[in-house]
Amino acid sequence: MRDSFLPFARPDVDEASIEDVCDSIRSGWLTTGPKTVEFEREFAEKVEATHAMAVSSATSGLHLAFLALGIGPGDEVITTPMTFVATVNAAIWTGAKPVLADIDSKTLNVRPELMEKLVNERTKALIPVHFAGRPCDMDPIEDLASRHGLAVVEDAAHGLGAFYRGRPIGSDRGSRRCSVFSFHPTKNITTGEGGMVCTSDEDLAERISVLRQHGMSKGAWNRYAAKGTPHYDVLFPGYKANMMDIQAAIGRGQLRRLDQFNRRRREIVAKYMIELSDQPGLILPQPQSDDTLHSWHIFTPFVDVDVLDIDRDGFMAAMRELNIGTALHYQALHLFSHYRDNYGWERGDFPEAEYVSDRIVSLPLFPAMSNSDVDDVIKGVRFVLRSHLR
Ligand SMILES: Cc1ncc(COP(=O)(O)O)c(C=O)c1O
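Structure follows, in structure tokens:
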């Protein structure tokens with residue numbers, strides 16, 4: 076057993092970023108301002124997007140994207156049951172109805188051919204989620220969207236640094252398309268809380284940018300700056316979902332280290348894949364296809380409950396006894412009581428998502444993990460599984 080607890084994720088914010096946050100605080104300019112604008116510019120360049128708009132979270136980014144696309148009461152959006160609840164909550168807030176298509180339990184991503192079966196005259200958008208950082212197969216999704224005139228909002232909360240067919244997730248995909256990233260502390264980069272919406276659609280960019288700040292025609296930071304003008308118009312009753320410069324200061328430092336972070340994530344995953352490959356009781360993630368690059372936000376094998384005398388939760392508790400944290404991403408959406416009760420979903424509706432939901436576990440994965448932390452996890456997993464093989 077380890078002396079100290081190893082969490083499943085831990086952010087790595089360096090001294091330069093801490094100093095940059097202090098600089099914002101000392102400067103007197105704490106909220107949205109020049110650092111946010113710079114962060115947006117650098118982020119857009121990194122993911123090859125025309126526009127990147129910093130927001131207070133991916134959840135609000137998704138919400139604003141749906142609103143900007145005109146999604147509302149009576150509309151349907153199609154997504155996956157294997158995601159965080161924010162994906163559907165943000166759609167529900169607009170008055171739209173979420174519709175689920177089952178996943179492929181090998182990739183953990185939504186199956187485009189099942190999405191297609193659900194399209195009808197009420198369908199307005201497809202919301203693929205790049206689960207764990209493995210890109211969805213976007214070509215058939217794009218094809219489906221184009222044939223039916225649907226918008227595509229990529230939930231890219233896990234996908235920063237991932238590539239699909241040679242292009243970064245977040246890169247320009249055309250009109251009525253956008254991608255939303257999360258900077259929650261467990262993500263590939265963090266700003267504490269925060270998110271980014273990327274698009275090449277000018278109209279969408281304008282609407283999101285206005286929606287995130289009260290519906291005002293220009294950002295507040297411009298009003299109070301030395302050369303700003305005091306006047307603005309209100310175009311519609313917007314929201315309050317801007318990012319602060321304090322957050323952007325962290326984000327800029329993190330973004331500069333993204334490639335290094337993701338390299339380390341890949342190294343750790345490679346070690347897990349080799350060292351745990353022959354371990355009965357664990358089903359490792361399937362190899363990714365050659366035309367994608369995984370961003371490995373989380374490492375999510377399955378606990379093979381059919382050969383063990385414990386279930387997944389029992390495995391997590393046993394790891395906790397060894398002082399090793401794990402996490403559950405995620406219980407399938409349709410098994411939560413609110414959605415079950417309001418959308419008529421029940422166990423049996425999405426069998427592949429349920430198979431995954433009952434077995435999936437996130438092992439520790441973060442760039443600051445030392446090699447000996449990784450060895451502890453491997454030894455811990457082996458010990459727990461060996462002790463519980465039937
Ligand atoms: C798939 C997915 N979508 C959306 C979100 C929401 O992100 P945020 O916490 O930045 O609102 C998360 C966060 O975990 C997520 O995993």
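In this note's numbering, the protein residues as written are 76 to 465.
Just so you know, even glycine gets a beta-carbon here, dropped at the ideal spot from N, CA and C.
Fair warning: this is a prediction, and the values are worked out from it, not measured in the lab.
In or out: residue 152 buried (at least 16 other Cβ within 10 Å) or exposed?
Stepping through the sequence shown from its first residue, residue 152 is reached at position 77. It is buried - the Cβ of residue 152 has at least 16 other Cβ atoms within 10 Å.
When the Cα atoms are used, what is the spatial distance from residue 368 to residue 199?
Within the sequence shown, numbered from 1, the residue matching residue 368 stands at position 293. Within the sequence shown, numbered from 1, the residue matching residue 199 stands at position 124. Roughly 29 Å separates the two Cα atoms.
Do residue 244 and residue 227 have their beta-carbon atoms positioned less than 8 Å apart in this structure?
For the purposes of this step, residue 227 is identified with residue 152 of the sequence shown, where counting begins at 1. For the purposes of this step, residue 244 is identified with residue 169 of the sequence shown, where counting begins at 1. No, the Cβ-Cβ distance between residue 227 and residue 244 is not below 8 Å.
Tell me whether the region 414 to 427 and the region 356 to 366 touch, counting them as touching only if at least three CB pairs, one residue from each stretch, are closer than 8 Å.
no
According to DSSP, simplified to helix, strand and coil, what is residue 419?
As a first step, residue 419 is located in the sequence shown; it is residue number 344 there, counting from the start. Looking at residue 419 - three-state DSSP - the assignment turns out to be coil, as it is neither helix nor strand.
Pull up the distance between the alpha-carbon of residue 450 and that of residue 158, whole angstroms please.
Residue mapping note: residue 450 aligns to position 375 of the sequence shown, counting from 1. Residue mapping note: residue 158 aligns to position 83 of the sequence shown, counting from 1. Cα to Cα, residue 450 sits roughly 29 Å from residue 158.
Taking one C-beta from the region 425 to 441 and one from the region 314 to 330 each time, how about it: are there three or more such pairs within less than 8 Å?
no
Span of the beta strand (DSSP E) holding residue 111?
Here residue 111 refers to the residue found at position 36 when the sequence shown is read from its first residue. No beta strand (DSSP E) contains residue 111, which is instead part of the alpha helix (DSSP H) from 109 to 122.
Please confirm whether residue 257 and residue 132 have their CB atoms less than 8 Å apart.
As a position in the sequence shown, residue 257 is number 182, starting the count at 1. As a position in the sequence shown, residue 132 is number 57, starting the count at 1. Remark: C-beta atoms of residue 257 and residue 132 approach each other more closely than 8 Å.
Which same chain residues, not among the five before or five after residue 135, have their C-beta less than 6 Å away from its C-beta?
The residue you call residue 135 lines up with position 60 of the sequence shown. These residues qualify, in order along the chain: 316.
Please confirm whether any heavy atom of ligand 1 lies closer than 7 Å to the CB of residue 228.
If you number the sequence shown from 1, residue 228 lands on position 153. Outside the cutoff, so no.
Thinking C-alpha only, which one of 373, 156, 453 is nearest residue 349?
Sequence index remark: in the sequence shown, residue 349 carries index 274 (1-based). The shortest CA-to-CA distance from residue 349 to any of 373, 156, 453 is the one to 453.
Cβ neighbour criterion (16 or more within 10 Å) applied to residue 97:
Along the sequence shown, one-based indexing puts residue 97 at 22. Around the CB of residue 97, fewer than 16 other CB atoms lie within 10 Å, so the residue is classed as exposed.
Are the Cβ atoms of residue 84 and residue 440 separated by less than 8 Å?
For the purposes of this step, residue 84 is taken as the residue at position 9 of the sequence shown. For the purposes of this step, residue 440 is taken as the residue at position 365 of the sequence shown. Closer than 8 Å, so yes.
Below 6 Å CB to CB, which residues in the same chain sit around residue 406 once its five sequence neighbours on both sides are set aside?
The residue labelled residue 406 in the question sits at position 331 within the sequence shown. Within the same chain, residue 406 has close Cβ partners 432.
What does the Cβ neighbour count give for residue 206, buried or exposed, with the cut at 16 atoms within 10 Å?
Here residue 206 corresponds to residue number 131 of the sequence shown, with the count starting at 1. By the neighbour-count rule (16 or more Cβ atoms within 10 Å), residue 206 is buried.
Relative to the C-alpha of residue 171, which residue among 213, 111, 177, 147 is closest?
One-based indexing of the sequence shown puts residue 171 at position 96. Ranking 213, 111, 177, 147 by Cα distance to residue 171 puts 147 first.
Is residue 459 buried or exposed, if buried means 16 or more other CB atoms sit within 10 Å of its CB?
In the sequence shown, residue 459 corresponds to position 384, counting from 1. Residue 459 is buried by the Cβ-count criterion.
State the DSSP-derived secondary structure class of residue 387, mapped to helix, strand or coil.
Along the sequence shown, one-based indexing puts residue 387 at 312. Helix, per DSSP.
Close Cβ partners of residue 92 (< 8 Å) along its chain, the five nearest in sequence each way excluded:
As a working mapping, residue 92 is identified with position 17 in the sequence shown. Around residue 92: 324, 325, 327, 328, 329.
Can the beta-carbon of residue 387 be found closer than 8 Å to that of residue 434?
Mapped onto the sequence shown, residue 387 falls at position 312. Mapped onto the sequence shown, residue 434 falls at position 359. Contact: yes.
What is the DSSP secondary structure of residue 250, reduced to helix, strand or coil?
Taking the first residue of the sequence shown as 1, we reach residue 250 at position 175. Coil.
Is it the case that the Cβ atoms of residue 235 and residue 262 are separated by a distance below 8 Å?
Residue mapping note: residue 235 aligns to position 160 of the sequence shown, counting from 1. Residue mapping note: residue 262 aligns to position 187 of the sequence shown, counting from 1. Closer than 8 Å, so yes.
C-alpha gap between residue 107 and residue 270, whole angstroms:
On the sequence shown, residue 107 is found 32 positions in, with the first residue counted as 1. On the sequence shown, residue 270 is found 195 positions in, with the first residue counted as 1. Looking at the two C-alpha atoms, the distance is approximately 13 Å.
Under 7 Å: does the beta carbon of residue 270 sit that close to some heavy atom of ligand 1?
What you label residue 270 is simply residue 195 of the sequence shown in a count that begins at 1. Yes, since a heavy atom of ligand 1 falls inside the 7 Å radius drawn around the Cβ of residue 270.
What residue range is occupied by the uninterrupted beta strand (DSSP E) comprising residue 172?
In the sequence shown, the residue the question calls residue 172 occupies position 97. Unbroken beta strand (DSSP E) run through residue 172: 172 to 175.
Local conformation of residue 239 per DSSP, three classes
Within the sequence shown, the letter at position 164 stands for residue 239. It is a strand residue.
In angstroms, rounded to a whole number, what distance separates the CA positions of residue 437 and residue 81?
Locating residue 437 in the sequence shown gives position 362, where the first residue counts as 1. Locating residue 81 in the sequence shown gives position 6, where the first residue counts as 1. Their Cα atoms are separated by approximately 13 Å.
Residue 189 vs residue 209 beta-carbon contact at 8 Å:
Reading the sequence shown from its first residue, position 114 is the one you call residue 189. Reading the sequence shown from its first residue, position 134 is the one you call residue 209. Cβ distance not < 8 Å, so residue 189 and residue 209 don't count as in contact.
Can you tell me whether residue 115 is buried or exposed? The criterion is at least 16 other CB atoms within 10 Å of its CB, across all chains shown.
If you number the sequence shown from 1, residue 115 lands on position 40. Result: buried.
Buried or exposed for residue 361, please, with buried defined as at least 16 other CB atoms from any protein chain shown within 10 angstroms of its CB.
Working through the sequence shown from its first residue, we reach residue 361 at position 286. Classification for residue 361: exposed.
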